[in-house]
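Take a look at the structure below.
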Amino acid sequence: MKQAHALRLAVVAGVLTIATIGLLGYRLAGQASAPDAGMPPGLLSAPQLTPEQAQAEVEAIMALTLDDLDGRPQAIAQWRGKILVINYWASWCKPCVEEMPAFASLQSRHAGQGVQFVGIGIDDAEKMRRFVKVTPVSYPLLVAGDAASQTPGLQVKALPYTVIIGRDGRFESSRLGRLDEAKLEPILRRLIAR
Numbered sequence: 702m703k704q705a706h707a708l709r710l711a712v713v714a715g716v717l718t719i720a721t722i723g724l725l726g727y728r729l730a731g732q733a734s735a736p737d738a739g740m741p742p743g744l745l746s747a748p749q750l751t752p753e754q755a756q757a758e759v760e761a762i763m764a765l766t767l768d769d770l771d772g773r774p775q776a777i778a779q780w781r782g783k784i785l786v787i788n789y790w791a792s793w794c795k796p797c798v799e800e801m802p803a804f805a806s807l808q809s810r811h812a813g814q815g816v817q818f819v820g821i822g823i824d825d826a827e828k829m830r831r832f833v834k835v836t837p838v839s840y841p842l843l844v845a846g847d848a849a850s851q852t853p854g855l856q857v858k859a860l861p862y863t864v865i866i867g868r869d870g871r872f873e874s875s876r877l878g879r880l881d882e883a884k885l886e887p888i889l890r891r892l893i894a895r
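Here the working numbering runs 701 ahead of the position in the sequence shown, where the first position is 1.
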């Protein structure tokens, strides 16, 4: 009877070990094959666009004229010929606010090399002005306000959303979710070197 009991315990232990190994293997295989494996949480690629869709997005952005925080109209086209980093954000969006210091640092570091960040606030102008009093930003902030839902170039599905445009006016890349300095700087360096 002791041998039968020991045999049952050994079988149960073996089955549990195999099940645990299988579960761990399944989880590891799922993480390795996930497209976002190794990316920080919240950093997701934007939906894949065809080259035509991507360029149409750039043209819509370049056609925008939005008010700055002082109420003066600013055309995005004024920065044509620069490497543009267009960031859609809002003062109430935590990941948006978290990425802004890195953007300000990159703007300061690369402005002399033709890089221009522009923040487009999908937000109320007064809330944006209050935000900037507490958290200064070293690049232009423009107000999309209520026009966002009907205006091409402002229709974004989630925040933060960043579009990078080369000096030649061509779509370079886009990112949905928080974008950190370590991911963005190599892209900027590559575009500067062109």
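Glycine residues also receive a C-beta, built at the ideal position from the N, C-alpha and C atoms.
Quick caveat, the model's predicted, so the values are computed rather than measured.
Residue burial classification, residue i (beta-carbon count within 10 angstroms, cutoff 16)
{"i": "glutamine 817", "result": "buried"}
{"i": "serine 809", "result": "exposed"}
{"i": "proline 861", "result": "buried"}
{"i": "threonine 863", "result": "buried"}
{"i": "isoleucine 893", "result": "exposed"}
{"i": "alanine 883", "result": "exposed"}
{"i": "arginine 895", "result": "exposed"}
{"i": "leucine 750", "result": "exposed"}
{"i": "leucine 885", "result": "buried"}
{"i": "arginine 879", "result": "buried"}
{"i": "valine 681", "result": "Since the first residue of the chain shown is 702 and the last is 895, residue 681 is not available in this structure."}
{"i": "arginine 891", "result": "exposed"}
{"i": "alanine 776", "result": "exposed"}
{"i": "alanine 845", "result": "buried"}
{"i": "proline 887", "result": "exposed"}
Run of the alpha helix (DSSP H) containing residue i, from where it starts to where it stops
{"i": "serine 792", "result": "Here serine 792 belongs to no alpha helix (DSSP H), and DSSP marks it neither H nor E."}
{"i": "glutamine 775", "result": "Element bounds for glutamine 775: not the alpha helix (DSSP H) but the beta strand (DSSP E), 774-776."}
{"i": "valine 759", "result": "752-763"}
First through last residue of the beta strand (DSSP E) which encompasses residue i
{"i": "isoleucine 823", "result": "Per DSSP, isoleucine 823 belongs to no beta strand (DSSP E) and is neither H nor E."}
{"i": "arginine 868", "result": "No beta strand (DSSP E) holds arginine 868; DSSP gives it neither H nor E."}
{"i": "leucine 885", "result": "From DSSP, leucine 885 is part of no beta strand (DSSP E) but of the alpha helix (DSSP H) over 882-894."}
{"i": "leucine 842", "result": "842-844"}
{"i": "aspartate 769", "result": "766-769"}
Cβ distance (whole Å) where residue i is taken to contact residue j below 8 Å
{"i": "leucine 855", "j": "glycine 822", "result": "Rounded, the Cβ-Cβ distance is 10 Å, inconsistent with contact."}
{"i": "serine 875", "j": "aspartate 824", "result": "In fact, because the Cβ distance is near 20 Å, the residues do not count as touching under 8 Å."}
{"i": "glutamine 756", "j": "phenylalanine 832", "result": "In fact, because the Cβ distance is near 32 Å, the residues do not count as touching under 8 Å."}
{"i": "aspartate 769", "j": "proline 837", "result": "At roughly 15 Å, the Cβ-Cβ gap does not stay under 8 Å, so aspartate 769 and proline 837 are not in contact."}
{"i": "tryptophan 780", "j": "valine 819", "result": "7 Å"}
{"i": "leucine 877", "j": "isoleucine 784", "result": "So it is not a contact: roughly 20 Å between Cβ atoms."}
Stretch pair the segment 796-805 + the segment 759-777: three plus CB contacts closer than 8 Å: no
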